[in-house]
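Encoded as structure tokens, the structure appears first; notes follow it.
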Amino acid sequence: MVRPTLNDLASFAAVASHRNFRVAAETLGISRSALSHAIIALESKLGIRLFNRTTRSVSLTQAGAQLLARLDPVLQDLDEALDTLAETRGTPSGMLRINANKSGARILLRSVIPHFLDCYPEVEIDLVSEGRLVDIVDQGFDAGVRLAEAVPLDMVAVKFGGTVRFITVAAPCYLKDRVPPGTPDDLQAHACIRQRLPSGKRYRWEFSRRGAEVAIDVPGMLTLDDNDLLVQAAVDGQGIAYVPDSFAQPFLATGQLVTLLDEWCPPFPGLVLYYPRNRHVPATLRAFIDTMKEIFQDEDRK
């Protein structure tokens with residue numbers, strides 16, 4: 001039997017982890033075709049099939065599952081050894097992959113990432129921004145960024161960026177000759193710009209005042225799936241929108257939008273960067289978290 005190379009085994013582990021050749025190839029930074037040929041060559045070297053493959057699914061054979069069980073801790077030990085070496089050199093290096101929602105990505109790009117890349121020029125950041133909540137381990141990410149309430153309980157969560165506030169906004173031109181809503185129930189008499197969640201469901205607007213909580217499926221003829229588009233539609237006078245305050249703030253400052261139902265829109269715990277509790281934390285991620293904490297502590301002092 002020809003002994004497989006470390007690259008062969010890393011390719012196998014990526015496919016076994018993701019159960020998907022496309023995602024595994026993206027994680028490894030190679031083409032799907034190259035990865036497929038590498039797995040075929042590995043199975044040829046070992047003289048045994050490691051995967052059951054169909055046009056729709058990839059699953060491990062019994063031999064593949066046995067190999068993964070023995071190989072996974074070995075590769076984790078190797079990652080830790082390389083990280084220890086990087087720490088000895090004093091300079092983290094390599095790829096750091098983060099999956100974030102759009103508001104989290106904005107904050108990191110504005111405040112953390114430029115400073116981090118200046119301090120650690122040997123680190124490459126791959127920041128993926130998307131609305132849907134993904135399994136960061138399965139998708140090959142080192143960390144995720146979401147609102148605290150959405151993070152799985154088995155993750156370590158690091159808060160940043162302070163609280164978040166969703167606000168109800170409209171353009172003065174829309175409110176002209178209309179009575180502004182005084183309570184959430186009054187929204188039933190208005191044109192609301194509704195939001196489609198990544199799951200496909202429409203978002204119910206959530207309000208709270210003095211312990212009373214209300215969730216409303218607001219009326220409206222326009223539904224969008226992006227906060228920037230929601231804000232722009234509100235600026236254009238299409239109706240009332242419900243968005244994170246950070247997206248609306250530039251237009252509030254210029255008077256293109258005004259807030260409504262302020263007392264029904266309290267702040268709540270905001271964004272966190274999170275990562276798996278029981279897995280090795282790479283040096284690149286530890287350095288990123290330290291940089292993030294330092295920056296937001298400095299901002300809190302101002």
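Sequential numbering of the sequence shown, starting at 1, is according to UniProt numbering. Glycine included, every Cβ here is placed at the ideal spot set by N, Cα and C.
Separation of the CB atoms of K102 and S59 is rounded to 34 Å, and the pair is thereby denied contact status at 8 Å. S31 places its beta carbon 8 Å or farther from that of A38.
Counting only the Cα atoms, I295 lies some 34 Å from G211. Fewer than three Cβ pairs drawn from the region 219-236 and the region 264-279 lie within less than 8 Å of each other, which leaves the two stretches out of contact. Each of L222, Q297, Q249 was checked against the Cα of F160, and the nearest Cα belongs to Q297. In the same chain as P181, and ignoring 5 residues on each side of it, the C-beta atoms closer than 8 Å to its own belong to T168, L187, A189, H190, I240, L260, L261, in chain order. Between A171 and L257, the C-beta spacing is below 8 Å. In the displayed model, A171 falls within coil according to three-state DSSP, outside both helix and strand. The alpha-carbon of I136 is positioned some 6 Å away from that of G144. Looking at the DSSP output, G94 bridges to V123.
A Cβ-Cβ contact shorter than 8 Å links G94 with V123.
The Cβ atoms of V235 and V243 lie no closer than 8 Å to each other. If you draw a straight line from the Cα of L42 to the Cα of R22, it is about 18 Å long. Beta bridge pairing from DSSP links A157 with Y274.
Between the beta-carbon of A13 and that of T27 there is about 10 Å, and that puts the pair past the 8 Å contact cut. The beta-carbon separation of G237 and C173, rounded to 4 Å, stays under the 8 Å limit for a contact. Comparing C-alpha distances from F247 to each of R106, R277, N20 shows the shortest one belongs to R106.
T55 counts as exposed, since fewer than 16 other beta carbons sit within 10 angstroms of its beta carbon. By the criterion of a C-beta distance shorter than 7 Å, A16 is surrounded in its chain by L60, G64, L68, once the five residues flanking it on both sides are discounted. Of the candidates S208, L109, R53, R97, R53 places its Cα closest to the Cα of R19. Assignment of beta strand (DSSP E) within the region 200-246, counting only whole runs of 3 or more residues, yields 205-209, 212-216, 222-224, 241-244 in chain order.
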